[in-house]
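Residue numbers for the sequence shown follow this note's numbering, beginning at 1 and rising by one.
Note that the Cβ used here is the ideal one computed from N, Cα and C, for glycine as well.
This report refers to the structure that appears directly beneath it.
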Amino acid sequence: MKTYTMDKKVFPEFIKLVKSKGKLFGPIKQKNKYSFEEINDSSDLDFDYQRTIIGIKKFLTPPKYKTMIFNKEGTEDVFDGDETNIVIGVHPCDIHSVKILDRLFLANIKDPYYAKKRDNLVIIGHSCLPDDNCLCHSTGTDMVEDGFDLFLTDLGDYYLVWVGSDKGLSLTIAADNLLSEETTEESIRDYVAWQQKRSSMFKKGMPSFKYMADIMNLNYDSDVWEQFGEKCLSCGTCSLVCPTCNCFNVEDIIAMNTEEGFRERQLDSCTLPYYSVVAGDHDFRPNRTARLKLYYTHKLKDYIGRWGQPGCVGCGRCVTYCPVNINVVTVSDALFGEVCETQEVCE
Ligand code: SF4
Ligand code: SF4
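Printed below as a string of structure tokens:
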């Protein structure tokens, strides 16, 4: 992979150049929380963050958008995804989440709406330091080798700039006067020291996460699910913030005059009531226990069977935002505890 170094003194110039290539978004602090918002210049950016409320998925699968309008004459595709969106400051876990979404939406049947947005998205990653809720060390998503266009590793006074794609290469060619091709022994030492410091900062973890698919199987009928089901508020927050959750609903909305309308795609959540209601009003998952079990079985078992890796990238958003402390860590702890008590497999 091609690498450069960039002195932080020229970073404002770099941002100006990147902004000239499309609509530029980055992490912005708002009332102690962070979100990806459009920025004017480098002074808007705040890279000292662990997670935004919603990840980069908001640029690929927005909460709701129109795909078509219709009237008595016919239909018209109105999906708007032509604009180039550039997102800077994306952490490795969120880049892994895009790799998962790419497989889901592009690998077999190509979703045209996702494909268009993905083609026009430029991802500039940024290194991060973990807080107590980061789990990417356990899920193997703390490092990233691909899935980005450029990646900036913050080494104090300068950045290491990793090039991950042709789009990224074009940006480095345009920014030629701001980058240096020279990678010195000093920068290699700085990089190793930074990685060691970062690794030592991970506090929370799920050491047995690699057995999770088996543990989910063994615990399918466990009482643990009832206990979590009793606490769950069915608020849907966990799905909204999880960067790999992508279920959506499609609704045709008819105007009052009944002559016209539009088709809308809306993010959905398997933890919400009515998620599994089908024609005839039958509900396959009428209670919170069943819906929560679906959420975790899908994420921690089925993804592994289908793609060889879990649908959790360890971002810690569910840990941070579930109001009743149901998250990938508490569920995993409870499931391992249940197995230890009942099946004596922990020795
Ligand atoms: S697990 Fe937590 S965040 Fe998810 S629906 Fe239940 S209460 Fe809400
Ligand atoms: S399950 Fe939780 S930690 Fe894992 S990716 Fe989703 S929000 Fe992040």
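Do Cys312 and ligand 2 come close, with the Cβ less than 7 Å from some heavy atom?
The answer is yes for Cys312.
Please report how far the alpha carbon of Ser200 lies from the alpha carbon of Val163, in whole angstroms.
The alpha-carbon of Ser200 is positioned some 27 Å away from that of Val163.
Enumerate in chain order the residues of its own chain whose CB-to-CB distance from Tyr49 is below 6 Å, with the five nearest sequence positions on each side excluded.
Pro27, Tyr34
According to DSSP, is Tyr295 part of a helix, a strand, or is it coil?
helix
Whose C-alpha, out of Lys203, Phe284, Pro92, Gln196, is nearest the C-alpha of Arg348?
With the chain running from 1 to 347 in the structure shown, residue 348 is simply not present.
Say the cut is 7 Å; is the CB of Cys270 nearer than that to a heavy atom of ligand 2?
no
According to DSSP, is Tyr274 helix, strand or coil?
coil
Measure the Cβ-Cβ separation of Phe209 and Ser127 and say whether it is below 8 Å.
no
Please state if the CB of Pro310 and the CB of Tyr303 are separated by a distance shorter than 8 Å.
yes
Neighbourhood of Leu45 by C-beta distance below 8 Å, restricted to the same chain and skipping five residues each side
Ile15, Gly26, Pro27, Ile28, Ile39, Ile88, Gly89
Where Arg198 sits in the DSSP three-state scheme:
It is helical.
At a threshold of 7 Å, does Pro323 count as lining ligand 1 (C-beta to nearest heavy atom)?
yes
Going by the DSSP bridge assignment, what does Val250 pair with across the sheet?
Arg265
Note down the Cα distance separating Leu272 from Gly236, rounded to an integer number of angstroms.
6 Å
Check whether the Cβ atoms of Cys270 and Arg291 sit closer than 8 Å, and answer yes or no.
A contact, by the Cβ cut-off of 8 Å.
Compute the Euclidean distance between the alpha carbons of Gly55 and Cys242, then round it to the nearest angstrom.
8 Å
Could you check if Tyr274 is buried or exposed, using at least 16 other CB atoms within 10 Å of its CB as the buried criterion?
exposed
My output table needs one value for Val324: the three-state DSSP class, helix, strand or coil.
coil
Boundaries of the beta strand (DSSP E) in which Pro112 is found, first to last residue:
From DSSP, Pro112 is part of no beta strand (DSSP E) but of the alpha helix (DSSP H) over 112 to 119.
Can you list, in chain order, the stretches of the beta strand (DSSP E) that have 3 or more residues and sit fully within the stretch 20 to 93?
23 to 30, 33 to 38, 64 to 71, 74 to 77, 85 to 90, all fully within the stretch 20 to 93.
Residue range of the unbroken beta strand (DSSP E) whose run includes Phe228
Here Phe228 belongs to no beta strand (DSSP E); instead the alpha helix (DSSP H) covers 224 to 231.
Ligand 2 heavy atoms versus the CB of Val319: any closer than 7 Å?
yes
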